[in-house]
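Worksheet: the structure to be examined is printed underneath.
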Ligand SMILES: Cc1cc2nc3c(=O)[nH]c(=O)nc-3n(C[C@H](O)[C@H](O)[C@H](O)COP(=O)(O)OP(=O)(O)OC[C@H]3O[C@@H](n4cnc5c(N)ncnc54)[C@H](O)[C@@H]3O)c2cc1C
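In this note's numbering, the protein residues as written are 716 to 973.
As structure tokens, this is what we get:
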């Protein structure tokens with residue numbers, strides 16, 4: 716006895732063997748290949764008449780495997796919300812410099828704030844900034860979040876600074892007026908020596924994996940380069956006994972703004 720291979724394909728919304736009018740994407744794990752017997756008999760001395768039994772069956776799709784999310788709440792030593800809007804920290808600007816060329820379509824500034832080590836953060840965390848002044852309702856401005864762009868050691872390597880990369884927001888509204896974003900313009904215009912009100916550190920979702928062999932995929936679209944500057948700084952500019960980057964498992968995708 717010979718054997719033939721038939722494909723049993725399941726479609727999510729149809730029990731009939733005809734194809735549904737709507738095209739659906741079938742994931743490979745829902746296509747099963749099944750061996751069924753092939754019956755044949757000799758009809759003459761010269762050849763064979765072959766009878767093929769075609770079989771189309773429908774099966775319910777197996778529910779997708781549940782992804783177990785690893786909680787980072789118990790990560791040791793990761794500080795969050797040490798400073799909150801009601802008890803913020805006053806940092807001092809050490810440096811603020813434009814890092815985009817004059818012919819670039821927008822402006823991005825790199826700034827370093829002195830924290831005296833009072834904001835212990837990890838690569839991948841953010842800080843909040845409360846810009847000076849009041850909003851149109853006469854209330855203090857609300858804080859805006861900014862990804863930390865320096866490694867945990869800071870740009871000066873003494874764990875006493877935090878750096879940001881900030882894009883100056885300027886756009887034209889529907890009435891044709893030029894509008895400047897409150898906090899980004901406040902930050903980009905800060906002069907060395909001035910004070911800035913900050914909160915945080917914030918977030919545990921984007922911390923670097925402890926395993927140096929873990930695959931790291933960094934997608935920097937538009938202005939989202941700041942957190943990856945902190946990753947790359949730690950990976951390539953610093954030496955850590957407990958962390959040596961495996962470059963073959965790290966991927967960095969950067970969208971240019973040309
Ligand atoms: C976790 C996190 C990390 C971040 N990290 C960074 C960072 O590293 N660097 C950085 O530069 N930013 C970062 N941001 C964005 C940042 O928090 C602010 O949103 C940004 O700087 C704009 O704030 P602003 O006060 O200047 O603008 P606002 O005065 O708050 O104005 C923003 C508002 O203007 C309006 N607007 C903006 N563009 C247009 C437009 N083209 N047309 C019409 N209306 C428009 C929208 O209503 C928008 O909500 C981050 C945000 C988050 C949540």
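For each residue, glycine too, the CB sits at the ideal point set by N, CA and C.
Backbone secondary structure at residue i - three-state DSSP
i, result
"residue 777", "coil"
"residue 871", "coil"
"residue 823", "strand"
"residue 933", "strand"
"residue 864", "coil"
"residue 766", "Annotation note: pLDDT 44 at residue 766 (below 50); position unreliable, no value reported."
"residue 813", "strand"
"residue 830", "coil"
"residue 973", "In this predicted model, residue 973 has a pLDDT of only 38, less than 50, meaning its place in the structure is not dependable enough to derive any value."
"residue 940", "coil"
Inter-residue CB distance, residue i and residue j (contact presumed, cutoff 8 Å)
i, j, result
"residue 844", "residue 859", "6 Å"
"residue 902", "residue 966", "Contact doesn't hold; Cβ gap of about 30 Å is too wide."
"residue 941", "residue 898", "In fact, because the Cβ distance is near 14 Å, the residues do not count as touching under 8 Å."
"residue 917", "residue 796", "7 Å"
"residue 915", "residue 849", "Residue 915 to residue 849, Cβ: 22 Å. No contact."
"residue 828", "residue 806", "4 Å"
"residue 841", "residue 862", "5 Å"
"residue 953", "residue 868", "6 Å"
"residue 919", "residue 793", "6 Å"
Pick from the options that is closest to residue i, judged by C-alpha positions
i, options, result
"residue 936", "882, 895, 818, 957", "882"
"residue 926", "794, 836, 957", "957"
"residue 968", "803, 805, 931, 796", "931"
"residue 924", "818, 798, 959", "959"
"residue 832", "954, 875, 841, 868", "875"
"residue 900", "950, 955, 804, 846", "846"
"residue 813", "961, 906, 951, 894", "906"
"residue 820", "780, 945, 886, 921", "886"
"residue 872", "830, 854, 798", "830"
Strand pairing of residue i, partner residues [DSSP]
i, result
"residue 858", "Note: residue 858 sits in no beta bridge, so no partner."
"residue 806", "911"
"residue 958", "955"
"residue 967", "933"
"residue 974", "For residue 974 there is no data in the structure shown, the boundaries of the chain being 716 and 973."
"residue 843", "860, 914"
*Write down every uninterrupted run of the alpha helix (DSSP H) in the stretch 878-933 whose length is 4 residues or greater and which is fully enclosed by it, in chain order.*
Counting only runs of at least 4 residues, the stretch 878-933 fully encloses the following alpha helix (DSSP H) elements, listed from N- to C-terminal order: 897-903.
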